[in-house]
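Report on the structure given below.
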Amino acid sequence: MGLEATLPEADFLLVKDPTTPYSAHSGHASDHPEFVPLAGERIDTTDGRLLTLPNPEVLTKSIRATAQVFEDPRSKALLARIELVAPSEANVLIIGDTGTGKELIARHVHGLSARRNGPFVAVNCGAFSETLVESELFGHEKGAFTGAFSSKAGWFEAANEGTLFLDEIGDLPLSIQVKLLRVLQEREVVRLGARRPVPINVRLIAATNVRLEEAVKAGHFREDLFYRLRVVHLELLPLRERPGDIMPLARHFVSQYRRRLGYGEIGIHPDTEQKLRQHSWPGNIRELENVIHHALLIARNALLRPEDLYLSSLGLEREAEPEAAPGNSQDEALGQLEKALVGLFEACHEDIFDKIEEVVMRTAYHYCHCNQVQAARLLGVSRNVIRARLIKIGAISALK
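Following the numbering used here, the numbering of the sequence shown begins with 166 at its first residue and continues without gaps.
Below, the structure written as structure tokens:
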């Protein structure tokens, strides 16, 4: 649910006989009574798989519309980076705390890639025991083990020609990590009980809420698999570190749930905004969504008031800190910049504008991981402008 609910309603899952490998096709549920429409909601199969076969054009528009919800500069820089890497076939590793929207980002990558016509299969690796996860991941043949009464395709086969999203990849046992590495290297899977490999064409996106580097050092995660997964690295900051997204997301969830509940227009009282900005959101976007949903259920007027919010005590430690009025966080930062400039004016009297411009350009360039396109978007200038400035100050070569 949540931001995923903005995805197209034409998605569906076709499940034939639950004792046989399922098959899925794209189309409209109204044309096929056996189809189960997703209707913007998550549908998890009994074996933990979530299969979405979206209309690519509608999905791309939906993704871009959803991306507009984010207003914090760090989020915009991340989304700009996704647009650059999504068209490639590279594996992606997403790092982020629980509730930061890792699956949403995975859907962004899929929907903006050449694979958007194919399936998107989302799997939580922590939902299965060690004895079951191998069968679920790679599939099995009839009689491969006790209880295997029929053959079954695994997640990789289900995601063929599309994208496989493995959430909580750090929970995979080491024995399965070895086999996963081989699949990524050979581009084929061998079902349990089978002898012949099955070729696959799958892009893998993995996600975790732990630092895999530390897991590698501790011997809990294979180093070779870590580097195989980490071709593209995307890090999602917790919501408290991107405060510019709090109110846009809150308004997004108000709009989403008031329509779902059949309500008219509902606004957010300024005091409520202040309280939302003040909370540290340990549960991230998921917590914010649940708080807004609950507030709409109990609200008695067309404005959400502070008393409508039910906030976890885990996130209240910031309430003792001085709270800026809505929109003043940027004003405070500009005020600090003004003081720094005054100090600079007093200490330096030559070429001061050029020096300031150099600091701004270098800072933006390195903030965006040395990506000129992202830095240009962050500063609101063209790539040619920022490239010329970076060459002028010696930050990059004229040949770069």
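Just so you know, even glycine gets a beta-carbon here, dropped at the ideal spot from N, CA and C.
When you compare the CB positions of residue i and residue j, do they come within less than 9 Å of one another, or not?
i	j	result
F321	I260	no
I551	Y530	yes
G276	A324	no
L369	L402	no
L476	V456	yes
E353	V363	yes
M526	L499	no
L394	A371	yes
H444	P471	no
L349	N289	no
L377	K344	no
E503	I558	no
V367	T328	yes
A313	S300	yes
E254	G291	no
H417	V234	yes
L153	V396	One cannot answer for residue 153 here, as it falls past the ends of the chain, which runs 166 to 565.
G319	R272	no
E268	A287	yes
Residue i bridges to which residues according to DSSP?
i	result
A372	I259
T328	F285 and R368
K317	H305
L469	I433
E353	P364
Compare the Cα-Cα distances from residue i to each of the options and report the closest residue.
i	options	result
F391	T373, R407, R405 and L404	T373
G335	V546, L258, D473 and E523	L258
L453	E497, P408 and R424	P408
E236	G319, E406, G358 and P252	E406
I521	R281, C535, S547 and R554	R554
I270	I561, E400 and C535	E400
V274	D516, K241, T296 and L249	L249
K569	R424, Y532, N549 and A359	Beyond the ends of the chain as shown, which are 166 and 565, falls residue 569; an answer cannot be given.
A560	N549, C535 and S547	C535
R424	H458, E497, R347 and R361	H458
E326	R281, S315 and S316	R281
S478	W446, E497, K382 and I463	W446
Y422	I463, D516 and E497	I463
S316	R347, A359, V298 and F293	A359
L474	R442, F293 and E351	R442
Taking 8 Å as the cut-off, is the beta-carbon of residue i closer than that to any non-hydrogen atom of the ligand ADP?
i	result
D262	Judged by which ligands are present, the structure shown has none, so any question about the ligand ADP falls away.
Quick one: any contact between the stretch 428-438 and the stretch 466-477, if contact means 3 or more CB pairs under 8 Å?
-> yes
Cβ contact check for the stretch 405-412 and the stretch 432-451: 3 or more pairs under 8 Å = yes
What are the complete alpha helix (DSSP H) segments, minimum 4 residues, inside the stretch 392-454?
-> 411-425 and 435-443
Touch check for the stretch 262-278 and the stretch 307-314: three-plus C-beta pairs under 8 Å?
-> no
Should the stretch 379-396 be regarded as contacting the stretch 333-352, the criterion being three or more beta carbon pairs within less than 8 Å?
-> yes
Given 8 Å as the limit, is there contact between the stretch 532-543 and the stretch 243-250, that is, 3 or more CB pairs closer than that?
-> yes
Mind pulling the alpha helix (DSSP H) runs of 4 or more residues that sit fully within the stretch 501-555?
-> 517-532 and 537-544
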